[in-house]
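Asks:
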Amino acid sequence: MANTDYAYRRLVNTLGPERVARTEFDRMVYSHDFASLPKIALLQWRLYPDFVVLPQTTEEVSAIVRLSDESGLPIVPRGGGTGWYGGAVPNRGGVLVDMRKMNKVRAFDPQARTVTVEAGATWQDVAEYVDARGLALPSLPTNAMASTIGGAINSDVVGFGAFRNGATRQVVRDLEVVLPDDRVLHTARAGDAVGSYADLTPFFFGAEGTLGVITAATLRLDPKPDLMKPVAYAFKGTEEAATFIQAVVDSGVQPYHLSLLDREHFVFERALHADSPEPADLVLACLAGPKDDVADQEKTLDALAPKFRGTKRPPEEPEYLWDHRFRMYSARRMSRGLIVANNVVPLARLPEACATARRLIRRMKLNGAVHTFPMDAASAILAPYVLTDDTTPSGGTALGYVKKLGDAAFELGGHPMGLGLFMVFNLRTMHGRAAPYTAYVKDVFDPKRKVNPGKTIEVWTKYTFPGLRAVPPPAMRVGLDLAAFFRRIKPTQDKFVRAYERRKEVE
Amino acid sequence: MGLLRDWNYIEAATEIPALSEMIREALIHALFVRNDRVLPREIIADLTRAPAVTVKVKDDTDIRKLVQVLNGEESTLSLGLPAEDYNYFRTQLGVGKDREIGLTVRPRTLLTYDWLVPEQRGVQLDFSAFAALTFPEKGHTVLAQMGTPWKTLYDEAIAKGHLVPTVPTVPLSFAIGDAVCGDAPLASYDGEFPAYVNALRTVSAFGHRTRVGFEEASNNGTGYDVLHATLPLAPEFYIPVEVALRLTPKPAARKAITYTYDDPAKLSAALDKLARTSLRFPWVHVADATAAALLRPSIAPDPFTVQVCLAGTVSGLPGREKALDAALAGFKLKVADVPNPYDVSAADYDKAAKRIERGLFVGEIRLPAASAGDLATRLKALGQQVASKVGFFASLRASGTLSSFPFFDHPKDRTHIYDLSKGVARLVEKIPGAVFVSRLGHLWNEDPAYRERMRLFREIKLRFDSPHVLEPLVRP
Chain Z
530 MANTDYAYRR LVNTLGPERV ARTEFDRMVY SHDFASLPKI ALLQWRLYPD FVVLPQTTEE
590 VSAIVRLSDE SGLPIVPRGG GTGWYGGAVP NRGGVLVDMR KMNKVRAFDP QARTVTVEAG
650 ATWQDVAEYV DARGLALPSL PTNAMASTIG GAINSDVVGF GAFRNGATRQ VVRDLEVVLP
710 DDRVLHTARA GDAVGSYADL TPFFFGAEGT LGVITAATLR LDPKPDLMKP VAYAFKGTEE
770 AATFIQAVVD SGVQPYHLSL LDREHFVFER ALHADSPEPA DLVLACLAGP KDDVADQEKT
830 LDALAPKFRG TKRPPEEPEY LWDHRFRMYS ARRMSRGLIV ANNVVPLARL PEACATARRL
890 IRRMKLNGAV HTFPMDAASA ILAPYVLTDD TTPSGGTALG YVKKLGDAAF ELGGHPMGLG
950 LFMVFNLRTM HGRAAPYTAY VKDVFDPKRK VNPGKTIEVW TKYTFPGLRA VPPPAMRVGL
1010 DLAAFFRRIK PTQDKFVRAY ERRKEVE
Chain A
49 MGLLRDWNYI EAATEIPALS EMIREALIHA LFVRNDRVLP REIIADLTRA PAVTVKVKDD
109 TDIRKLVQVL NGEESTLSLG LPAEDYNYFR TQLGVGKDRE IGLTVRPRTL LTYDWLVPEQ
169 RGVQLDFSAF AALTFPEKGH TVLAQMGTPW KTLYDEAIAK GHLVPTVPTV PLSFAIGDAV
229 CGDAPLASYD GEFPAYVNAL RTVSAFGHRT RVGFEEASNN GTGYDVLHAT LPLAPEFYIP
289 VEVALRLTPK PAARKAITYT YDDPAKLSAA LDKLARTSLR FPWVHVADAT AAALLRPSIA
349 PDPFTVQVCL AGTVSGLPGR EKALDAALAG FKLKVADVPN PYDVSAADYD KAAKRIERGL
409 FVGEIRLPAA SAGDLATRLK ALGQQVASKV GFFASLRASG TLSSFPFFDH PKDRTHIYDL
469 SKGVARLVEK IPGAVFVSRL GHLWNEDPAY RERMRLFREI KLRFDSPHVL EPLVRP
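Each protein sequence line maps, in turn, to chains Z and A. According to my numbering, the first sequence is numbered sequentially starting from 530. According to my numbering, the second sequence is numbered sequentially starting from 49.
1. For the candidate residues Z:S600, Z:P844 and Z:R838, whose alpha-carbon lies nearest to that of Z:D534?
2. Would you mind telling me which residues of chain A sit closer than 7 Å to Z:L948, beta carbon to beta carbon, in chain order?
3. Output the residue ranges of the alpha helix (DSSP H) runs that lie fully inside the stretch 774-830 of chain Z and measure 4 residues or longer, sorted by chain position.
4. By Cβ distance, which residues of its chain are closer than 8 Å to Z:D589, with the 5 residues on each side in sequence left out?
5. Cβ of A:E121 less than 8 Å from any chain Z Cβ?
6. Does any residue of chain Z bring its CB to less than 8 Å from the CB of A:H256?
7. Who are A:Y161's beta bridge partners in DSSP?
8. What residue range is occupied by the uninterrupted alpha helix (DSSP H) comprising Z:G929?
9. Using a Cβ-Cβ cut-off of 6 Å (strictly less than) and excluding sequence neighbours within five positions of Z:N683, which residues of its own chain qualify?
10. How about Z:T697 and Z:R629: do their beta carbons lie closer than 8 Å?
11. Can you tell me which residues form a DSSP beta bridge with A:R13?
12. Looking only at C-alpha atoms, which of Z:Q640, Z:V644 and Z:V626 sits nearest to Z:V634?
13. Along the stretch 476-494 of chain A, what residues have a CB closer than 7 Å to any CB found in chain Z?
14. Using a threshold of 8 Å, state whether the C-beta atoms of A:P283 and A:E59 are closer than that.
15. Given this structure, state the Cα-to-Cα distance separating A:E132 from Z:L704, to the nearest angstrom.
16. Within 10 angstroms of its Cβ, does A:E222 collect 16 or more other Cβ (buried), or is it exposed?
17. To the nearest angstrom, report how far apart Z:H561 and Z:L950 are at their CA atoms.
18. If we define contact as Cβ-Cβ less than 8 Å, is A:E132 a contact residue for chain Z?
19. With a CB to CB cut of under 6 Å and the five nearest residues on each side skipped, what residues in its chain are close to Z:I890?
20. Taking Cβ positions only, does Z:H960 come closer than 8 Å to chain A?
21. Please list, in chain order, the chain Z residues whose beta carbon lies closer than 7 Å to that of A:K186.
22. Which residue spans inside the stretch 645-711 of chain Z form an unbroken beta strand (DSSP E) run of at least 3?
23. Out of Z:V980, Z:D660 and Z:L669, which has the shortest C-alpha to C-alpha gap to Z:D711?
24. Hey, how far is the Cα of Z:T747 from the Cα of Z:D822?
25. Taking C-beta pairs closer than 9 Å, name the residues in chain Z that A:T361 reaches, listed in chain order.
26. Determine the direct distance from the alpha carbon of A:L201 to that of A:A243, and round the result to whole angstroms.
27. Can you list, in chain order, the residues of its chain whose CB lies under 7 Å from that of Z:L997, leaving out five sequence neighbours each side?
28. Please state the DSSP three-state secondary structure of A:P130.
29. Identify the continuous alpha helix (DSSP H) that holds Z:N542 and give its terminal residues.
30. Excluding the 5 residues flanking Z:R957 on each side, which residues of the same chain have their C-beta closer than 8 Å to its C-beta?
31. What are the start and end residues of the beta strand (DSSP E) that includes A:Y309?
32. By Cβ distance, which residues of its chain are closer than 7 Å to Z:E1030, with the 5 residues on each side in sequence left out?
33. For A:P130, does the count of other Cβ atoms within 10 angstroms reach 16, so buried, or fall short, so exposed?
34. When you compare the CB positions of Z:P667 and Z:N694, do they come within less than 8 Å of one another, or not?
35. Here's a check: name, in chain order, each residue in its chain whose Cβ is nearer than 6 Å to the Cβ of A:T182, leaving out the five neighbours to either side.
36. With a threshold of 8 Å, are at least 3 pairs of Cβ atoms found where one atom belongs to the stretch 866-874 of chain Z and the other to the stretch 751-763 of chain Z?
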């Protein structure tokens, strides 16, 4: 392995000094994603990259990957850093490739209704670009303001619009990828059907940057709906609200988006924003289509809601919620940290899943809220979040909640989402005897383990000597079970809202 | 039956010095039409080795045992054969020690044609007797065994309060497994068949029961999406046994409305406009006069027929119909009582399928909806050129793509299939944005990116199938 000064010089020669960073602060910023990690994690992983680079072209990405052969440093691609499980965080240092400078629109074809964009563009920017040209992205991640095109594809996210138009994976037509051997490959022929022969694209959904660096994507566009109208209904409990969602799906109505936010979410929101809606278990629906069709959808929902003791909220509430839909996690301001537990559960068991999420929050003495939305007629995303304070010893133990809810999702016939660095132990539970298939794919794409190594199929540590170079995934499972246990025996309930309000009064 | 095997064979054959001077396409032609005058004896022998045994699957245990026998892990006694060892099995099948021997899946109905290189004296699995459906108590999913006829699934789902979202654009008597192991063109207005597959129950190359995907929920965020990447080539990676499908709730009201057009330009404009609205339908199908006559022989066909399935609430349907009328402006006639091809009795469905399956289908043309008329005109010209009656079935997607399946009134011999495929491929080159998706079209493709993708798939297949039992790759 060449020394890091040599690697730095080579990187600077390739990109210029302004796009290669190695200061402590820069490296620290990239040492975590949306979920911050307790300092103790540094004992196991070298979370700080050696360098942070910001390429602007596919050729530059290719050159960076090529340099890895000389330097021996692993490559870690990163988008907006909005992931949760360490997928875009180094585990053995290396070169962190921040893709956000690759954010241009390469081609827009209104006839074919496609747009080709670089991987570092945010979903919101692309949405605004196509919106100005009379078209719309079929679906958007829930964190579209910061989530990048490449990041969301790598995380296989499901977000707004998925219920009506399909999840992110149904939007992608083709990817441009720099493979670990520095070649540039298109994963599909853009004109082919999704699922046509010789289409490698699905391998990259959920790949978390471990198969190559996505540099551009061709996305499908939809016509803009004539009308989009948000409506909201309040319910007496989370289970009734979840049953209402099932009933809406069974009625055949296809809203653009349909989600449940529980009372706790609005308790947090109310503490932060006085104009936020009254706390209640709310179902927010955004209806889309021709005017008559939207009116009919609304009539159907209006008729269904009372059957579940639901009441319609005044129009300004759903409008407020829809306008603020990308700011789902502002509660983080109260606690310094926030962890989201993303899971897919069968829609048929949604009320049970919501009750489990709430019960676990209570049992682990956390402050948290339940958020869920159907992604199609059979599956729903269950994404409750919990508040944490990583500066306290109990902060990191909140990850135990993610583990326990993931276990519950398996029992319900679903699964947790994301493997990254911390959740690799779930791979075997998820896929059973098919789990080795994932390793076969990695072996073919990246036999030398150059791109984002030691994740998704294995957990590398920062040590390179035998015996310590990898953590057996079950050990991670035990660690998180322990974290959950410590949460349960914690004598007091978290009280972030009260503490925040007290702080506000003092200020 | 594998595309990878055919592709690999052609790649390997073009490396043979004696054949390297032949251009790739000439070799594909010779292989496809079995031109024995230009092919070496060894290649002719490869093409002649048809599967030696067909096993009618009644249980996935049969497949597991077969895989284990082919792997040499288990004696053939378990198959009920008076065998002592693996070599006996090979001897019985007439397979030399130097040749891979494997399993292949026989589709119930093929829309187009068989593959080039047959399973080399191996075992063919017939799933026609493996046809049960399992609907869970709650939720809109179904677990269908591979041999389940599509029509049975469709009818039973409706009876149980669901709707099968994907319907065959060309309504033949397909089994659900034909969409996984064959070329059944199942699709909806919103998307293609793979989008509705939650999981496959399979038998791996090691004889283990292996579930790929999640039966009750989508597999988002669970690592690489192996399920959907391998689905089009599934039997080369594992033996699919059952498929878990996502259904949709049965709508309160459904209605098929038929519009006819006599001008190709008006048809193009209407389809393009329809796909640019935010309306949603279960399916939108297009047929020219020849196709419409096959579907509904008792009704005099117009040059073009567009049939749209509307679904929704009883109160919402009239509004949608009004919007649909506006989008499809330019039609000659609108009729509400023309039966759709799917909501008929199983006997009527099969009768229509028998009429349609006589046509020679060459593959799929995907093109922008705005070019539908252009395609119709060019197909007509091609039909006149080859002195054949030509027609097409097509389905529209919300993305604005028209997926069309041309057919010819020609005997289904390999020479005709090849020549007509070539003719269609040339025709497609002249339509902007159009793509010819067929197995021959893929083999013709010499684009370096495509070849690289196929190479990667081959490498992945070799890892999935390290014992070489799932349609093993063959070299000349």
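Where is the CB? At the ideal position from N, CA and C, for every residue including glycine. All values reported here derive from a predicted model rather than from experimental measurement.
Replies: For this structure:
1. Closest by alpha carbon: Z:S600.
2. Contacts between Z:L948 and chain A, judged by CB atoms closer than 7 Å, involve G271 in chain order.
3. The stretch 774-830 of chain Z contains these whole alpha helix (DSSP H) runs: 792-801.
4. Going by the sequence as given, residue 589 of chain Z is Glu instead of Asp. Closer than 8 Å at Cβ, skipping near neighbours: T543 and L544.
5. Not one chain Z Cβ lies under 8 Å of A:E121.
6. Yes, A:H256 counts as interfacial toward chain Z.
7. DSSP lists no beta-bridge partner residue for A:Y161.
8. Counted as a single uninterrupted DSSP element, the alpha helix (DSSP H) harbouring Z:G929 occupies residues L928 to E940.
9. For Z:N683, where only same-chain residues beyond five positions count, the Cβ hits under 6 Å are A736, E737 and G738.
10. No, these two residues do not count as a Cβ contact at 8 Å.
11. Nothing about residue 13 of chain A can be read from this structure; chain A reaches only from 49 to 524.
12. The shortest Cα separation from Z:V634 among Z:Q640, Z:V644 and Z:V626 belongs to Z:V644.
13. Of all residues in the stretch 476-494 of chain A, G481, V483, V485 and H490 have a Cβ within less than 7 Å of some Cβ in chain Z.
14. Note that the C-beta distance between A:P283 and A:E59 is not below 8 Å.
15. Note that A:E132 scores a pLDDT of 48, beneath 50, so its modelled location is shaky and nothing firm can be said.
16. A small correction: the amino acid at residue 222 of chain A is Phe; Glu does not occupy that position in the sequence shown. Counting C-beta atoms within 10 angstroms of its own C-beta, A:F222 has 16 or more neighbours from the protein chains shown and is therefore classed as buried.
17. If you take the alpha carbons of Z:H561 and Z:L950, they lie about 11 Å apart.
18. Residue placement at A:E132 cannot be trusted, given a pLDDT of 48 that sits under 50; the coordinates are not used to answer.
19. These residues qualify, in order along the chain: G897.
20. Taking Cβ atoms only, chain A reaches closer than 8 Å to Z:H960, which makes this a yes.
21. Contact note: A:K186 reaches chain Z through A877, using a C-beta cutoff of 7 Å and chain order.
22. The beta strand (DSSP E) runs of length 3 or more contained entirely in the stretch 645-711 of chain Z are, from start to end of the chain, 701-707.
23. Of Z:V980, Z:D660 and Z:L669, the residue nearest in Cα terms is Z:V980.
24. Distance between the alpha carbons of Z:T747 and Z:D822 is about 30 Å.
25. Against chain Z, the beta carbon of A:T361 has neighbours under 9 Å at S780, G781, V782, D825, Q826, K828 and T829, listed in chain order.
26. Taking the straight line joining both Cα atoms gives about 17 Å.
27. The beta carbon of Z:L997 lies closer than 7 Å to those of T990 in the same chain, with the five residues before and after it left out.
28. For A:P130, the predicted structure reports a pLDDT of 48, less than 50, and the residue's modelled location is therefore unreliable. A value from the coordinates is still provided. Note: A:P130 maps to coil in three-state DSSP.
29. Its alpha helix (DSSP H) spans residues T533 to L544.
30. Excluding sequence neighbours, Z:R957 sits near A964 and P1002.
31. Where A:Y309 is concerned, the enclosing beta strand (DSSP E) stretches over A301 to Y309.
32. Around Z:E1030, the same chain offers A800 as residues with beta carbons nearer than 7 Å, after the five sequence neighbours per side are excluded.
33. Low per-residue confidence applies at A:P130: pLDDT is 48, beneath 50, and the placement is therefore not dependable, though the value from the model is reported in the following sentence. Exposed, by the Cβ-count rule.
34. Contact: yes.
35. Hits under 6 Å: L191.
36. Contact fails: fewer than three Cβ-Cβ distances are below 8 Å.
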